[in-house]
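Residue numbers (my numbering): 7 to 333. Just so it is clear, CB atoms sit at the ideal spot from N, CA and C, and this is done for glycine as well. Just below is one structure, and these are the notes that go with it.
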């Protein structure tokens, strides 16, 4: 792979990073009314995409901004480098797909889900069609249309009438398989190390979910995703069975800050910090793929924070309700 191609892409990314929202924006927005929040957002890089003053207008502005600043990145490069840049966008597709499938299972209205979706490779028209689809099988059929890398895994998982968690694990297993395969083939060690850590975090989240569901004798063979470095199958099974003392095994690893967490919400917040720091550490290679990974993840997190703050202001919630989520 041409290191010159990386140099070109990373030069473009550094310019875009300089335009990200400063932390002061989030602190200021935390206490604003909705009209004032919209006014403040309009003064930022999201302004050109903000047309209207409603909550849906904010969501559309965020989606358009992500499409311009993140979704276009694969078009700036070609060949194997394009494959690498698409990985974090594929991760966004995975998150969106999981949100849509959960909505099908719980009956949550499409309008509520739409505001939580993050930018990926799927066009807005296809996401809207999936949101309106009557069931998971219909979502799988729609996902086949663009030849999406996760389409086959979704079709195969649905054959066995899986539980919602089993379905998510099947999609996550395929996603990480693709990540490790491409990172290894393209000799991107820092990118592979990031996804190995994310696989560990994903397994921890699955263990917490199994514990909450009260699954008796959860099987690592069925729920565990290979590829991580710090969480063993044995520790995974202990945590899933409710033995939180097994978290002590994470001491001395990058996951040590998670040892004391006891709820899925805490786990997700603390894990997000760990993963963003890991991505940032890999961004120092000016001739590698770490900078693209770091930039895309941070822009997606930025967009999620904007949407969360918009909802806090729109529904007039106290700042304390979301303060920890946007910190």
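DSSP state of residue i, grouped into three classes?
i, result
"residue 139", "coil"
"residue 253", "helix"
"residue 106", "helix"
"residue 145", "helix"
"residue 229", "helix"
"residue 317", "helix"
"residue 80", "helix"
"residue 99", "helix"
"residue 19", "helix"
"residue 49", "coil"
"residue 34", "helix"
"residue 260", "coil"
"residue 94", "helix"
"residue 131", "helix"
"residue 294", "coil"
"residue 330", "helix"
"residue 119", "helix"
"residue 150", "helix"
"residue 223", "coil"
"residue 111", "helix"
"residue 87", "helix"
"residue 265", "coil"
"residue 39", "coil"
"residue 324", "coil"
"residue 235", "coil"
If you follow the alpha helix (DSSP H) that residue i is part of, which residue opens it and which one closes it?
i, result
"residue 197", "195–219"
"residue 75", "61–75"
"residue 184", "170–191"
"residue 158", "157–165"
"residue 277", "270–288"
"residue 25", "Segment: none, residue 25 is in no alpha helix (DSSP H) and carries neither H nor E."
"residue 243", "239–246"
Between residue i and residue j, which are expected to be in contact by the criterion C-beta below 8 Å, what is the C-beta distance as a whole number of angstroms?
i, j, result
"residue 157", "residue 150", "5 Å"
"residue 292", "residue 13", "7 Å"
"residue 205", "residue 234", "4 Å"
"residue 125", "residue 77", "5 Å"
"residue 192", "residue 86", "5 Å"
Residue i to residue j, Cα distance in whole Å?
i, j, result
"residue 257", "residue 48", "45 Å"
"residue 17", "residue 146", "38 Å"
"residue 89", "residue 196", "16 Å"
"residue 267", "residue 322", "29 Å"
"residue 169", "residue 247", "18 Å"
"residue 40", "residue 243", "45 Å"
"residue 319", "residue 239", "43 Å"
"residue 354", "residue 30", "Here the chain comprises residues numbered 7 to 333, so residue 354 is not present and cannot be evaluated."
"residue 324", "residue 177", "36 Å"
"residue 174", "residue 141", "15 Å"
"residue 38", "residue 15", "37 Å"
"residue 74", "residue 317", "23 Å"
"residue 289", "residue 295", "8 Å"
"residue 171", "residue 227", "14 Å"
"residue 237", "residue 93", "23 Å"
"residue 72", "residue 129", "12 Å"
"residue 261", "residue 299", "20 Å"
"residue 314", "residue 104", "19 Å"
"residue 34", "residue 102", "29 Å"
"residue 50", "residue 119", "25 Å"
"residue 272", "residue 331", "10 Å"
"residue 259", "residue 98", "26 Å"
"residue 32", "residue 70", "20 Å"
"residue 232", "residue 179", "8 Å"
"residue 148", "residue 255", "42 Å"
"residue 241", "residue 219", "18 Å"
"residue 265", "residue 276", "10 Å"
"residue 44", "residue 283", "30 Å"
At a cut-off of 7 Å, would you count residue i as near the ligand NAP, judging by its Cβ distance to the nearest heavy atom?
i, result
"residue 263", "The ligand NAP is not part of the structure shown, which contains no ligands of any sort."
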